[in-house]
Every structure is written in C-alpha cells, then in structure tokens.
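Take a look at the structure below.
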Amino acid sequence: MPLSSAASVSIAGAQSVSLAQGKATFPFGLSRSVSLADGTGAGKADRVWTATRTLAASASEDLDLAGVLTDAFGATVSFAKIKALMVSAAPGNVNNVIVGGASSNGFITWVGGATHTVTVRPGGALALMAGDADATGYAVTAATGDLLKIANSGSGTSVTYSIAIIGTSA
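In this note's numbering, the protein residues as written are 1232 to 1401.
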C-alpha cells in the first residue's frame, strides 16, 4: 500500500504598539513542513497509524509501536522509525494528556530520558517531525524501545486525545 504524507506546523501573528506618530506592527512567524514519499529512506515513510482514544480518570496506556497497532485497513503496523507524531488533546478535556514516561521498554529517542514526559493541555497539541533529508527519524526498537505511554493526568474525568504517527517499516 503506497503512502504519501505530509506534516506541518506553524506559528504566526503580529504584535502592535501605538506610537505618537502612528502604529508600529511587528509580524512574526515560524513554520516547518515536510512531505514524505513512499519508502524508508530520507524524505520517505511507508507506515501510518491514527486514532482517537479515550482514557478513564487516572488511566494510562502503552501504545506498542512495533507490531500491535492496526491501520485503517486492519493490517498490523510495525514502526522502525518515526518521521512525524502528533498528539492532540480534546478541547473539552478537564485533565491534561501526558505523553511519554513508559515504565519499561519506552520509545524515548524523541526525549532526553526514560522518565521524561510532555504535558498536552486541553485543546493543545504536541507535534514532532523529522526533516526531509533525515533518514534516521526517531528510532523504535522492537521489544526494548517501542512503548509510547499516554496518560490522563488526573482523577475525576476521562480525557480524549487524537494521535497520528507516520514512520517507516525499516
């Protein structure tokens, strides 16, 4: 099944100040995008997995990136490298969504250590992507470095999040 994919993120805006002689505006922006052709090398990806999931109050789950997830067609997805990852917390969440920090066999090549986490606040998102020329991406090691932990930060209410992962099989 050939895959064509793209990932992008941008921040833009303008800051203004009133001056005696008028208004001064400072526009700013930063964006990055990557288009990935089908394959496993630089600028390529051949695997994708997306889902919208709900975690009960104080619950967590370990997403096994090497051989347990199934794609939209029911085929098992096994990642060797991650080229793009996005986790989006539902705006209606009361609690945060915590990404990372698996107790064992954690997928940690995207953070500094096994216990590191990122907090995604309600309505917020975490985006990570490798560049067009990057053949390495973020390595997944089956059985020893393949669990991406997603957790509900608190008790009382469930959280819903959406996730998309683009990567390679080799």
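Glycine included, each C-beta is placed from N, C-alpha and C at the ideal position.
From the DSSP output, in three-state form, read off Pro1258 for me. Three-state DSSP puts Pro1258 in a strand.
Measure the alpha-carbon distance for Ile1339 versus Asp1295 and round it to whole angstroms. Ile1339 and Asp1295 have their C-alpha atoms roughly 13 Å apart.
Short Cβ contact (8 Å threshold) for Ala1273 with Ala1345: No, these two residues do not count as a Cβ contact at 8 Å.
Assuming Asp1269 contacts Ser1235 under a Cβ cut-off of 8 Å, what Cβ separation, rounded to an integer in Å, is found between them? Correct: roughly 6 Å between the Cβ atoms.
So what's Thr1307 in DSSP terms, helix, strand or just coil? It is a strand residue.
Using CA coordinates, which residue listed in Val1318, Leu1267 and Ile1313 is at the minimum distance from Leu1357? Per the C-alpha coordinates, the member of Val1318, Leu1267 and Ile1313 positioned closest to Leu1357 is Val1318.
Contact between the segment 1285–1294 and the segment 1241–1261 (3+ Cβ pairs under 8 Å): Not touching, per the Cβ criterion.
Just confirm the distance between the C-beta atoms of Thr1348 and Val1371, as a whole number of angstroms; I'd bet it's less than 8 Å. Between Val1371 and Thr1348 the Cβ distance is about 18 Å, and since that is not below 8 Å, they are no contact.
So, helix, strand or coil for Asp1293, using DSSP? Look at Asp1293 here: in three-state DSSP terms it is strand.
Among residues of its own chain, excluding the 5 on either side of Thr1275, which ones have a beta-carbon nearer than 6 Å to its beta-carbon? First, the amino acid is wrong: residue 1275 is Lys here, not Thr. Closer than 6 Å at the Cβ level, and outside the excluded window around Lys1275, lie Leu1267 and Ala1268.
Indicate whether Thr1388 and Asn1326 have their beta-carbon atoms separated by less than 8 Å. Contact: yes.
Where Asn1336 and Ile1381 are concerned, what is the direct C-alpha to C-alpha distance, given to the nearest angstrom? Rounded to the nearest angstrom, the two C-alpha atoms are 14 Å apart.
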